[in-house]
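Asker: Encoded as structure tokens, here's the structure I'll be asking about.
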Amino acid sequence: MKYLSIKQNKNKDKNFKTFLTIKQDTDMTVKHSETDVLIIGAGPAGLMCATWLSRCGIPFRIIDKRSNEIFTGQADGLQCRSLEIFQSFSELSFDFASLNQSWKMANHMIEMCFWSPNSNGQLERNSRVADTIPGISRFTQSVIHQGNIEKWFVDSIDYFSEGKIQIERPLLPVSINVKEENEGKSNIDDYPVEVKVVKVSSEEARPEQYGNKNVANGLFRQFDGDQDKSYKEKPASEEEEDGEVEEEDCEIIHTKYVVGCDGAHSWVRKQLDIDMEGEQTDFVWGVLDMVPITNFPDIRNRCAIHLKDSGSVMVIPRENDLVRFYIQLKEVERDPATKTDNKKFTGNVDDTQAKTKGRIDRSKITPELILKQAQKIFEPYTLEMTDLSWYTGYQIGQRVSPQFSKFNNRVFIAGDACHTHSPKAGQGMNVSMQDTYNLGFKLALVCKGLAKQEILSTYQLERLKVARDLIAFDHKLSRLFSGKPMIPNSDILDGVDMDEFHQVYLEGNKFASGTIVDYEDSLLINKLKLKQDKNDDGDGDGLMVMNKLAPKIPIGRRLYSVKMISQADGRPIHIADRLSSDGRFRVLIFPGDIKQYPNNLKILHSFQDLLDDSKNFLKKFTPLNAFQDSVIDIITIHNNNRHEVEIFDFPDFTHPLDYKHRCDYWKLYSGKGDTYHEGKINMYDDYGIDPKHGVILVIRPDSHVAKVVPFSIDGLKQVDEYFKKFMIDQTNNVLASKPIDYDDSKRFIQPRLAV
Numbered sequence: 048m049k050y051l052s053i054k055q056n057k058n059k060d061k062n063f064k065t066f067l068t069i070k071q072d073t074d075m076t077v078k079h080s081e082t083d084v085l086i087i088g089a090g091p092a093g094l095m096c097a098t099w100l101s102r103c104g105i106p107f108r109i110i111d112k113r114s115n116e117i118f119t120g121q122a123d124g125l126q127c128r129s130l131e132i133f134q135s136f137s138e139l140s141f142d143f144a145s146l147n148q149s150w151k152m153a154n155h156m157i158e159m160c161f162w163s164p165n166s167n168g169q170l171e172r173n174s175r176v177a178d179t180i181p182g183i184s185r186f187t188q189s190v191i192h193q194g195n196i197e198k199w200f201v202d203s204i205d206y207f208s209e210g211k212i213q214i215e216r217p218l219l220p221v222s223i224n225v226k227e228e229n230e231g232k233s234n235i236d237d238y239p240v241e242v243k244v245v246k247v248s249s250e251e252a253r254p255e256q257y258g259n260k261n262v263a264n265g266l267f268r269q270f271d272g273d274q275d276k277s278y279k280e281k282p283a284s285e286e287e288e289d290g291e292v293e294e295e296d297c298e299i300i301h302t303k304y305v306v307g308c309d310g311a312h313s314w315v316r317k318q319l320d321i322d323m324e325g326e327q328t329d330f331v332w333g334v335l336d337m338v339p340i341t342n343f344p345d346i347r348n349r350c351a352i353h354l355k356d357s358g359s360v361m362v363i364p365r366e367n368d369l370v371r372f373y374i375q376l377k378e379v380e381r382d383p384a385t386k387t388d389n390k391k392f393t394g395n396v397d398d399t400q401a402k403t404k405g406r407i408d409r410s411k412i413t414p415e416l417i418l419k420q421a422q423k424i425f426e427p428y429t430l431e432m433t434d435l436s437w438y439t440g441y442q443i444g445q446r447v448s449p450q451f452s453k454f455n456n457r458v459f460i461a462g463d464a465c466h467t468h469s470p471k472a473g474q475g476m477n478v479s480m481q482d483t484y485n486l487g488f489k490l491a492l493v494c495k496g497l498a499k500q501e502i503l504s505t506y507q508l509e510r511l512k513v514a515r516d517l518i519a520f521d522h523k524l525s526r527l528f529s530g531k532p533m534i535p536n537s538d539i540l541d542g543v544d545m546d547e548f549h550q551v552y553l554e555g556n557k558f559a560s561g562t563i564v565d566y567e568d569s570l571l572i573n574k575l576k577l578k579q580d581k582n583d584d585g586d587g588d589g590l591m592v593m594n595k596l597a598p599k600i601p602i603g604r605r606l607y608s609v610k611m612i613s614q615a616d617g618r619p620i621h622i623a624d625r626l627s628s629d630g631r632f633r634v635l636i637f638p639g640d641i642k643q644y645p646n647n648l649k650i651l652h653s654f655q656d657l658l659d660d661s662k663n664f665l666k667k668f669t670p671l672n673a674f675q676d677s678v679i680d681i682i683t684i685h686n687n688n689r690h691e692v693e694i695f696d697f698p699d700f701t702h703p704l705d706y707k708h709r710c711d712y713w714k715l716y717s718g719k720g721d722t723y724h725e726g727k728i729n730m731y732d733d734y735g736i737d738p739k740h741g742v743i744l745v746i747r748p749d750s751h752v753a754k755v756v757p758f759s760i761d762g763l764k765q766v767d768e769y770f771k772k773f774m775i776d777q778t779n780n781v782l783a784s785k786p787i788d789y790d791d792s793k794r795f796i797q798p799r800l801a802v
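First residue of the sequence shown: 48, per our numbering; consecutive thereafter.
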């Protein structure tokens, strides 16, 4: 068997040198195992991917080289879209653990205050704005410890998998091999990727702490080369002098796909020989998580503070009285072992000069140093520190990988492994989770044999553009944040224009929310023929593509959630809560006003024969004996007061019966009417849908709008053509039949994809 062997670069990964040479014989004492997906790295990106796969019932494993589950500190901001995604893993019968807890426990970011020098050079507040753009989402930006988020992910994975999936740690990957003869093929029954892993002790996998050993810090992971050095090397025994590892310590995992979520110094990326593109600046910032003692009036608001000579601060109020301070450090020494001169580094030195000075000496970054600099910036206000919980330092840099996958989409990278930037835009954890939220459902569909492997190519197509947009935004914001402010009414014209800074922040806030991510035309997004129907929403985020039948629904973006009313019981519900993340596509049928336009009801009834046809998308792409909505879920939303119509006025597919003759009442809704407790609802107005003509929407499992077609027989046939391009015929996929006395009481909690 021929392999594409990916060799380890010893110069890049010195910390792995004792694990590089594994005995290569085929002795059966080496453990072999198989799984559909191997996730390397159990941070937020890896855990999001694992949540998708566990929710969809896909066999997978998730490994991490860390011995401890969660580091203190790290990311803390949750943007609107991330909270929407958390909500999407919930249903009426259960709750994804992090949603309610994060919403209750987090500090909600309501207001942003800008402070800068006045004409006398004195610090003053010059404006206040909403921290989250009003109306952009039903959630606002909030702040919560990343450790809580990771724990809630782990709990949910355990819940969805019924305890079968646990993070395996500390496991260290040491080699990847891909079967050459499988490249270009899409036989999902093969396991073309082999990953060799070695078990290390908790002591060997524990990162060293630098600086103040009494307080948790993240210095080990922030500077180039530090993370690679931070994991203690395994001492070689006499039998291991050549770097060999005993076979009983090794395992070869045979898998269909690998997802590398292993951070900015990604081992997986290095094995793929993918270099990051971008630059590292000489701007260095310190971070403190502590309870401040201060007379600064806006300490419980998010603040951007610029001072002419002392640098900048971003204030992030957190939960439990904590406040996070991002503080620009004026002067940090270089590591004497690496720099080429004895001068101290200043924040104004450009990158080309910094390369000759060696690495930042992170041992010189202490909480006291960071606080001292913050005190200068806050003058004339006072600032003291108590209850310090975490600190770190980092260099600002923006880098992005030119590739997110390799080997015919068998090996992927996500999150920090393919894009790094400053933390002040609040994007790191959020964009990382959204990477694997994009990838996870695609892997599930392919591993289930429901969709062609070609859909995996849309991951790089969609997320690389997001990463590049993020890098461009962060590049501009971080330099404006780190530069000296321009003094009003001063003869000195150089410096950052605060008006420009405010505008960049406001324009970027919409991007930062994650709600305007717009995927281009692809196998899964159909908008090429509608390019002429473009609108600029006037907020600086570019052109949107809409169908004139639904002019307020941009194709390629997530469906903005508005409320509708259950026909059966009158309960108002956000449509997003009906589009839960369980791997299924949704077809939303808007038949309009069926009383004023009775022909609309006739058209709706005519859909029944098409949907009953085994050659049509609903039955063709659903395994035999599976629930009929377990791959494609059809939801109908009319535009009548629910008291004017009855459930059984509508065709059977709007209230289908299952194998036990139980009626599904949750497929028919009213988009218009008064509710008893939540006011008026007018969904058709919200989306710009004409009640006379209606419309049909195809929604991907990640809630992005895939296609918009007319409400007609021809429109339904266009939906059929959409699915035929990438879905796999399930005619010969026969599942075990369900006896009438089968206990499926857990069907709303267990995986719902193709079951």
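The C-beta atom is built at its ideal place from N, Cα and C for all residues, glycine as well.
All of these numbers come straight from a predicted model, not from anything done at the bench.
Under 8 Å between the Cβ atoms of Leu31 and Ile679?
Answerer: Outside the shown range of the chain (48 to 802) lies residue 31, about which nothing can therefore be said.
Asker: Apart from the five residues just before and just after Tyr238, which ones in its own chain have a Cβ nearer than 7 Å to its Cβ?
Answerer: Within the same chain, Tyr238 has close Cβ partners Glu81, His301, Thr302 and Lys303.
Asker: Is Leu606 helix, strand or coil when you go by DSSP?
Answerer: Residue state, collapsed to three classes: coil.
Asker: Thr433 lies in the beta strand (DSSP E); which residues open and close that run?
Answerer: It spans Leu430 to Val447 - the beta strand (DSSP E) in which Thr433 sits, taken as one unbroken run.
Asker: Quick one: is Phe695 buried, meaning 16 or more other Cβ sit within 10 Å of its Cβ, or exposed?
Answerer: Burial call: exposed.
Asker: By the DSSP assignment, the beta strand (DSSP E) with Glu81 in it spans what residues?
Answerer: Unbroken beta strand (DSSP E) run through Glu81: Lys78 to Ile87.
Asker: Hey, quick one: how far does the beta strand (DSSP E) through Asp178 stretch, first residue to last?
Answerer: It is not in any beta strand (DSSP E) - Asp178 carries neither H nor E in the DSSP assignment.
Asker: Suppose the cutoff is 8 Å on Cβ atoms and the five residues either side in sequence are ignored; what does the same chain contact list for Asp791 look like?
Answerer: Contacts found: Lys785.
Asker: Do you know offhand how far Arg633's Cα is from Val745's?
Answerer: So the alpha carbons of these two residues sit roughly 6 Å apart.
Asker: What span of residues does the beta strand (DSSP E) with Phe133 cover, start to end?
Answerer: Note, Phe133: premise wrong, no beta strand (DSSP E); alpha helix (DSSP H) at Cys127 to Ser135.
Asker: Could you check how far apart the C-beta atoms of Val742 and Val755 are, in whole angstroms? I think they sit under 8 Å.
Answerer: Yes, Val742 and Val755 are in contact; Cβ-Cβ is about 6 Å, under 8 Å.
Asker: Would you tell me roughly how many angstroms separate the C-alpha atoms of Pro670 and Thr778, rounded to the nearest one?
Answerer: Computed Cα separation, rounded: 7 Å.
Asker: Identify the continuous alpha helix (DSSP H) that holds Met480 and give its terminal residues.
Answerer: Gly475 to Cys494 is the extent of the alpha helix (DSSP H) around Met480.
Asker: Would you mind stating whether Ile622 and Leu596 have Cβ atoms separated by less than 8 Å?
Answerer: For Ile622 and Leu596, no; Cβs fall outside 8 Å.
Asker: Could you name the residues of the same chain whose beta carbon sits closer than 6 Å to that of Leu782, not counting the 5 residues immediately before and after it, in chain order?
Answerer: Closer than 6 Å at the Cβ level, and outside the excluded window around Leu782, lie Pro670, Asn672 and Ala673.
Asker: Do you know offhand how far Gly272's Cα is from Ile346's?
Answerer: Bear in mind that the predicted position of Gly272 carries a pLDDT of just 46, short of 50, making it too unreliable to give a figure here.
Asker: Would Val84 and Leu94 qualify as a contact pair, given that the criterion is a beta-carbon distance under 8 Å?
Answerer: Their beta carbons are not under 8 Å apart, which means Val84 does not touch Leu94 by this criterion.
Asker: DSSP three-state call for His522: helix, strand or coil?
Answerer: Three-state result, His522: helix.
Asker: Take the Cβ of Cys710 as the centre, count every other Cβ of all protein chains shown within 10 Å, and call the residue buried at 16 or more, exposed below.
Answerer: Exposed, by the Cβ-count rule.
Asker: First and last residue of the beta strand (DSSP E) that includes His652?
Answerer: Segment Pro645 to Asp659 is the alpha helix (DSSP H) holding His652; no beta strand (DSSP E) there.
Asker: Tell me the DSSP secondary structure of Arg409 in three-state form.
Answerer: In this structure, Arg409 counts as helix in the three-state DSSP scheme.
Asker: Counting C-beta neighbours from all protein chains within 10 Å, is the total for Gln188 16 or more, i.e. buried, or is it exposed?
Answerer: Buried, since its Cβ has 16 or more Cβ neighbours within 10 Å.
Asker: Considering only residues of the same chain and omitting the five flanking positions on each side of Glu230, which have a CB-CB separation below 7 Å?
Answerer: Caution is warranted here: a pLDDT of 47 is assigned to Glu230, below 50, making its placement in the model unreliable, and no coordinate value can be reported.
Asker: Look at the Cβ atom of Ile775, then the Cβ atom of Ala498, and state whether they are nearer than 8 Å.
Answerer: Against a cut-off of 8 Å, the Cβ pair of Ala498 and Ile775 comes out as a contact.
Asker: For a test of the three-state rule: what should DSSP assign to Phe664, helix, strand or coil?
Answerer: Helix at Phe664.
Asker: Helix, strand or coil for Thr683? Go by DSSP, reduced to three states.
Answerer: Strand.
Asker: Express the C-alpha separation of Pro164 and Val247 in angstroms, rounding to a whole number.
Answerer: Cα to Cα, Val247 sits roughly 54 Å from Pro164.
Asker: Rounded to whole angstroms, what is the Cα-Cα separation between Asp737 and Gly639?
Answerer: The straight-line gap from Cα to Cα measures roughly 7 Å.
Asker: Would Tyr373 be called buried (16 or more neighbouring beta carbons within 10 Å of its own) or exposed?
Answerer: By the 10 Å Cβ count, Tyr373 comes out buried.
Asker: In chain order, what residues of the same chain have a beta carbon less than 8 Å from the beta carbon of Ser759, not counting five sequence neighbours either side?
Answerer: Once the five neighbours on either side are set aside, the close Cβ partners of Ser759 are Ile650.
Asker: Apply the 10 Å Cβ neighbour rule to Lys772 and answer buried if 16 or more other Cβ atoms are within range, or exposed otherwise.
Answerer: Lys772 comes out exposed.
Asker: So, with DSSP's three-state summary, where would you put Arg185?
Answerer: Three-state result, Arg185: coil.
Asker: Count the other C-beta atoms from every protein chain shown that fall within 10 angstroms of the C-beta of Glu131, then say buried if there are 16 or more, exposed otherwise.
Answerer: Buried is the call here.
Asker: DSSP on Lys391, reduced to helix/strand/coil?
Answerer: The predicted position of Lys391 is uncertain, since its pLDDT is 43 and thus under 50; no value can be drawn from it.
Asker: Are the CB atoms of Ala464 and Gly307 nearer to each other than 8 Å?
Answerer: Yes. Within cutoff.
Asker: Determine contact between the region 337 to 354 and the region 424 to 442, defined as no fewer than three beta-carbon pairs at a distance below 8 Å.
Answerer: Yes, since at least three Cβ pairs between the region 337 to 354 and the region 424 to 442 fall closer than 8 Å, the two stretches touch.
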